[in-house]
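Take a look at the structure set out below.
In this note's numbering, the protein residues as written are 1051 to 1289.
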């Protein structure tokens, strides 16, 4: 008897999901193995991203140090401006006049929560001279400090647009997918502007461009974020 197409589709979907969960568990295991390795050798997170040489061969194939540094801004319903640093951004479409991007964001971040509620945001590619923005927007909370104080910016379409970046885009959230320690956001781009004469800021540049104290603060925050994310991911995989 021929199998019902719907039944076959459900079966294939279930198999694909099980395969994805298995691969994710393997990645989680690799993360758990790599983190103690770094702590035992007192390796700075930023140095780790720059060199990727103090981690056992074969543990990770992506050169995280070469990721660009982006700054996302959003505005809450009461008019409060929020901003955060992200590094996981990618194009998400081929149609040149209907651009889309995909971002992996922390669900615990106030800026993430704000843009998911408002469905709008601006994203900036920082340039080399803007490394000083990373400790402010990457290690501080909006409830503790006005991140935009002293930062040259203007409002456009109700969103803060920073000056002197490599470029910026205004996006509208199309869809989201929760994945435990991350929310994957798919967004349409409505406006953009670039400055080709500027050199982008990369993760690998941080340790050389920031004061030692700022690097230590970022390292400490990153270590705490790893512990938090591990718990969130474990909860995500609970039956």
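Where a beta carbon is used, it is the ideal one built from N, C-alpha and C, also for glycine.
Just grab the DSSP bridge partners of residue 1162 for me. As a first step, residue 1162 is located in the chain shown; it is residue number 112 there, counting from the start. According to DSSP, residue 1162 bridges with nothing at all.
So residue 1172 packs on residue 1211, CB below 8 Å; how close in whole Å? As a working mapping, residue 1172 is identified with position 122 in the chain shown. As a working mapping, residue 1211 is identified with position 161 in the chain shown. The pair is a contact, with the Cβ atoms about 6 Å apart (cut-off 8 Å).
Roughly how many angstroms lie between the CA atoms of residue 1163 and residue 1157, to the nearest whole one? Locating residue 1163 in the chain shown gives position 113, counting from the first residue. Locating residue 1157 in the chain shown gives position 107, counting from the first residue. Approximately 7 Å between the Cα atoms of the pair.
Within 8 Å, strictly: CB atoms of residue 1213 and residue 1224: For the purposes of this step, residue 1213 is taken as residue 163 along the chain shown, with counting starting at 1. For the purposes of this step, residue 1224 is taken as residue 174 along the chain shown, with counting starting at 1. Result no, Cβ atoms of residue 1213 and residue 1224 do not sit closer than 8 Å.
Quick check on residue 1228: does DSSP put it in helix, strand or coil? For the purposes of this step, residue 1228 is taken as the residue at position 178 of the chain shown. Assigned with DSSP and collapsed to three states, residue 1228 falls in strand.
At least three beta-carbon pairs within less than 8 Å, the region 1243–1251 to the region 1141–1154: Flag = no, the region 1243–1251 and the region 1141–1154 do not touch.
How many Å lie between residue 1133 and residue 1289 at the Cα? Here residue 1133 refers to the residue found at position 83 when the chain shown is read from its first residue. Here residue 1289 refers to the residue found at position 239 when the chain shown is read from its first residue. In this model, residue 1133 and residue 1289 are separated by some 34 Å (Cα to Cα).
Quick check: the region 1266–1284 against the region 1183–1201, are there 3 or more CB pairs under 8 Å? Counting Cβ pairs under 8 Å, three or more are found: they touch.
Residue 1203 versus 1131, 1254 and 1142, residue with shortest Cα-Cα distance: Position 153 of the chain shown, counted from the start, is the residue given in the question as residue 1203. Checking every option, the nearest Cα to that of residue 1203 belongs to 1131.
What does residue 1123 pair with, by DSSP beta-bridge criteria? In the chain shown, the residue the question calls residue 1123 occupies position 73. DSSP output for residue 1123 lists 1133 and 1172 as bridge partner(s).
Put residue 1238 into one of helix, strand or coil per three-state DSSP. Here residue 1238 is taken as the residue at index 188 of the chain shown, counted from 1. DSSP, reduced to helix, strand and coil, places residue 1238 within a strand of the structure shown.
Does DSSP put residue 1217 in a helix, in a strand, or in coil? Residue 1217 sits at position 167 when you count from the first residue of the chain shown. For residue 1217, the three-state secondary structure derived from DSSP is strand.
Apart from the five residues on each side of it in sequence, which residues of its chain come closer than 6 Å, Cβ to Cβ, to residue 1117? Along the chain shown, one-based indexing puts residue 1117 at 67. Cβ-Cβ distances below 6 Å link residue 1117 to 1137 and 1253 in the same chain, with the five nearest sequence neighbours on each side left out; the list follows chain order.
Outcome for residue 1285 when other beta-carbon atoms lying within 10 angstroms are tallied against a minimum of 16: Numbered from its first residue, the chain shown carries residue 1285 at position 235. It counts as exposed.
For residue 1181, which residues from the same chain have a beta carbon less than 7 Å from its beta carbon, with the 5 sequence-adjacent residues on both sides left out? Taking the chain shown and counting its residues from 1, one reaches residue 1181 at position 131. Contacts found: 1251, 1255, 1256, 1259 and 1260.
Are residue 1121 and residue 1176 touching if we call contact CB-CB under 8 Å? Within the chain shown, the letter at position 71 stands for residue 1121. Within the chain shown, the letter at position 126 stands for residue 1176. For residue 1121 and residue 1176, yes; Cβs fall inside 8 Å.
Delimiting residues of the beta strand (DSSP E) encompassing residue 1155: Here residue 1155 corresponds to residue number 105 of the chain shown, with the count starting at 1. Counting along the chain, the beta strand (DSSP E) containing residue 1155 begins and ends at 1150–1155.
Could you name the residues that DSSP lists as bridge partners for residue 1204? As a position in the chain shown, residue 1204 is number 154, starting the count at 1. Residue 1204 pairs with 1211.
Tell me whether the beta-carbon of residue 1168 lies closer than 8 Å to the beta-carbon of residue 1124. Position 118 of the chain shown, counted from the start, is the residue given in the question as residue 1168. Position 74 of the chain shown, counted from the start, is the residue given in the question as residue 1124. Taking 8 Å as the cut-off, the Cβ atoms of residue 1168 and residue 1124 count as close.
Checking 8 Å against the spacing of the C-beta atoms, do residue 1155 and residue 1232 come in under that value? Taking the chain shown and counting its residues from 1, the one referred to as residue 1155 is at position 105. Taking the chain shown and counting its residues from 1, the one referred to as residue 1232 is at position 182. Yes. Within cutoff.
Quick one: what's residue 1118 bridged to in DSSP? Taking the chain shown and counting its residues from 1, one reaches residue 1118 at position 68. Beta-bridge annotation (DSSP): residue 1118 is paired with 1252.
In angstroms with no decimal places, state the Cα-to-Cα distance between residue 1179 and residue 1276. Start at 1 with the first residue of the chain shown, and residue 1179 comes out as number 129. Start at 1 with the first residue of the chain shown, and residue 1276 comes out as number 226. A straight-line Cα-Cα distance of about 28 Å links residue 1179 and residue 1276.
Given residue 1208, which residues of its chain have a CB within under 8 Å of its CB, disregarding the five upstream and five downstream residues? Here residue 1208 is taken as the residue at index 158 of the chain shown, counted from 1. Excluding positions up to five away in sequence, the list reads 1125 and 1170.
Please report how far the alpha carbon of residue 1279 lies from the alpha carbon of residue 1273, in whole angstroms. Reading the chain shown from its first residue, position 229 is the one you call residue 1279. Reading the chain shown from its first residue, position 223 is the one you call residue 1273. When rounded, the distance between both Cα atoms is 10 Å.
Within the continuous beta strand (DSSP E) that includes residue 1139, where are the two ends? Residue 1139 sits at position 89 when you count from the first residue of the chain shown. Per DSSP, residue 1139 belongs to the beta strand (DSSP E) from 1139–1141.
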